[in-house]
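Novice: Handing you this structure, nothing more for now.
Residue numbers (our numbering): -2 to 304.
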C-alpha cells in the first residue's frame, strides 16, 4: 500500500496539471487570435459603448426619460423633429427621444444580459448533470430538453408573457426559461466527450469524488462554450425583450424600452419616422455588436469552426 501512494499522488497531480495546462493554453491562444480579429474588436467597442450608455444613463441623458417638455410638441400637437434642443426629436407626449433611447439601453441590456446569464447557468447545470451522472437522470433531463425545444421560442415566450404579469423580473425569467435548452444540448455533448479524456480518467483512478471531477476537471473546459453562447445570446435576448415589449407583454409603459418605443411610434411612422427609426437603429447596433464579438470569440476559442 505504501508503495502505491506516491504513484497515486503523482497521477492525481499530473491529471490536475494537465487539466489546468489545457485551459490556460486555450485562453492564451484565444486572446492572441482575438486581438487580430478586426471585426471582433469593432464588435467589442460597440458593446462597450452601449454598456457605458446603460450604466451612466442618469448622467448622460439630457432629460428625464418620462418628462413631458412643455415645448416638446408643435402647435398642432405633433412630435417635434430633430433640432438643437432635442437632437433626435420628441415623441407624441413631448418626451425627448434621445433620453428615452439611452434609458432604454439600460433596461433592454439589463434584461437581455441578466436573462441570458441565467439561461447559461441553467443550461450548464442541466447539461453537465445529465451527461456526468447518466442513467435515469440523463434520460429525464434530456427528454425535458427535447420537449422544450419542440416549441418555437417566440411562441413559447408569448404564451408565458400572456399568462404571467408583465415586468422586468418576469421578463428575465421568461427569457431564461426559453433559451437554456439550446446550450444545454451543447454542454451535454461536450461533457460526454470530456469525461473520457485522459485527465478525467486519471482523476477517477486515484479515487477523486464525482463533485471534484466535475468542478476541477469538467467545468473549466465548459467556460469557453458558455462565454461564446452568452455573448451571442445577448443579441437574441435583447431582440426577444423588444418583441415582447412591442406586443405589450414585456416592459410596462411609461418605462423606456426600445420595443415599447417602436410600439408607441408606429402610429406616426409617416409624420415622425424618427420615433421608430431611432430605437430600430439601436437594436440593429446591439445585435451587430454582440454578434461580431461572439463570432470572434467562437473563432478564437475554436479555430476549427472558423468560417
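A virtual CB, placed ideally from N, CA and C, is assigned to each residue, including glycine. Fair warning: this is a prediction, and the values are worked out from it, not measured in the lab.
Does DSSP put residue 234 in a helix, in a strand, or in coil?
Specialist: Residue 234: helix per DSSP, three-state reduction.
Novice: Residue 292 bridges to which residues according to DSSP?
Specialist: Partner(s): none; residue 292 has no beta bridge.
Novice: Can you tell me whether residue 237 is buried or exposed, with buried defined as 16 or more other CB within 10 angstroms of its CB?
Specialist: Buried, because 16 or more other Cβ atoms sit within 10 Å of the Cβ of residue 237.
Novice: What is the DSSP secondary structure of residue 143, counted as helix, strand or coil?
Specialist: Reduced to three states, the DSSP call for residue 143 is helix.
Novice: Determine the DSSP secondary structure at residue 161, reduced to helix, strand or coil.
Specialist: Of the three classes helix, strand and coil, the one that applies to residue 161 here is coil, per DSSP.
Novice: Distance check for residue 110 and residue 215, CA to CA, integer angstroms please.
Specialist: Each residue's Cα considered, the two are about 25 Å apart.
Novice: Which residue spans inside the region 238 to 289 form an unbroken alpha helix (DSSP H) run of at least 4?
Specialist: For the region 238 to 289, whole alpha helix (DSSP H) runs of length 4 or above, ordered along the chain, are 255 to 262.
Novice: Output the residue ranges of the alpha helix (DSSP H) runs that lie fully inside the region 53 to 116 and measure 4 residues or longer, sorted by chain position.
Specialist: With a minimum length of 4 residues, the continuous alpha helix (DSSP H) runs that stay inside the region 53 to 116 are 54 to 57.
Novice: Let me confirm a value: residue 3 is counted as buried when at least 16 other C-beta atoms fall within 10 Å, else exposed. Which label applies?
Specialist: At residue 3 the pLDDT is 49, less than 50, meaning the model places this residue with poor confidence; the figure from the coordinates comes in the next sentence. Exposed: under 16 other Cβ atoms inside 10 Å.
Novice: Could you tell me whether the Cβ atoms of residue 282 and residue 57 are closer together than 8 Å?
Specialist: No, the pair does not count as a contact, with Cβ atoms beyond the cut-off.
Novice: Going straight from the alpha carbon of residue 54 to that of residue 33, what length do you get?
Specialist: Cα to Cα, the separation comes out at about 32 Å.
Novice: Please state the DSSP three-state secondary structure of residue 190.
Specialist: If DSSP states are grouped into helix, strand and coil, residue 190 belongs with the helices.
Novice: Which residues in the same chain have their Cβ closer than 7 Å to the Cβ of residue 145, if we skip the five residues on either side of it in sequence?
Specialist: Excluding residues within five positions, the ones whose Cβ falls inside 7 Å are 178.
Novice: Which of helix, strand or coil does DSSP assign to residue 33?
Specialist: Here residue 33 sits in coil by DSSP.
Novice: Look at the Cβ atom of residue 115, then the Cβ atom of residue 87, and state whether they are nearer than 8 Å.
Specialist: Not closer than 8 Å, so no.
Novice: Is it the case that the Cβ atoms of residue 151 and residue 261 are separated by a distance below 8 Å?
Specialist: No, these two residues do not count as a Cβ contact at 8 Å.
Novice: Is DSSP giving residue 25 helix, strand or coil here?
Specialist: If DSSP states are grouped into helix, strand and coil, residue 25 belongs with the helices.
Novice: Which residue marks the beginning of the alpha helix (DSSP H) containing residue 210, and which one marks its end?
Specialist: 207 to 210 is the span of the alpha helix (DSSP H), which, as asked, contains residue 210.
Novice: Counting C-beta neighbours from all protein chains within 10 Å, is the total for residue 226 16 or more, i.e. buried, or is it exposed?
Specialist: The residue is buried, with at least 16 neighbouring Cβ atoms inside 10 Å.
Novice: Within 10 angstroms of its Cβ, does residue 168 collect 16 or more other Cβ (buried), or is it exposed?
Specialist: Buried is the call here.
Novice: Taking C-alpha atoms, which residue in 138, 133, 254 and 41 lies nearest to residue 184?
Specialist: Looking at the Cα atoms, 138 is the closest of the given residues.
Novice: Would you mind sorting residue 130 into buried or exposed? The rule is 16 or more other CB atoms within 10 Å of its CB.
Specialist: That one is exposed.
Novice: Where do the N-terminal and C-terminal ends of the alpha helix (DSSP H) with residue 201 fall, by residue?
Specialist: Here the alpha helix (DSSP H) through residue 201 covers 195 to 202.
Novice: So, do the region 242 to 258 and the region 90 to 109 have three or more beta carbon pairs nearer to each other than 8 Å?
Specialist: Verdict: yes, contact present.
Novice: Under 8 Å by Cβ, that's how I've got residue 119 and residue 173 pegged, so tell me the actual separation to the nearest angstrom.
Specialist: Going by Cβ atoms, the distance from residue 119 to residue 173 rounds to 6 Å, so yes, they are a contact pair.
Novice: Could you give the distance in angstroms between the alpha-carbon of residue 242 and the alpha-carbon of residue 204?
Specialist: Distance between the alpha carbons of residue 242 and residue 204: 52 Å.
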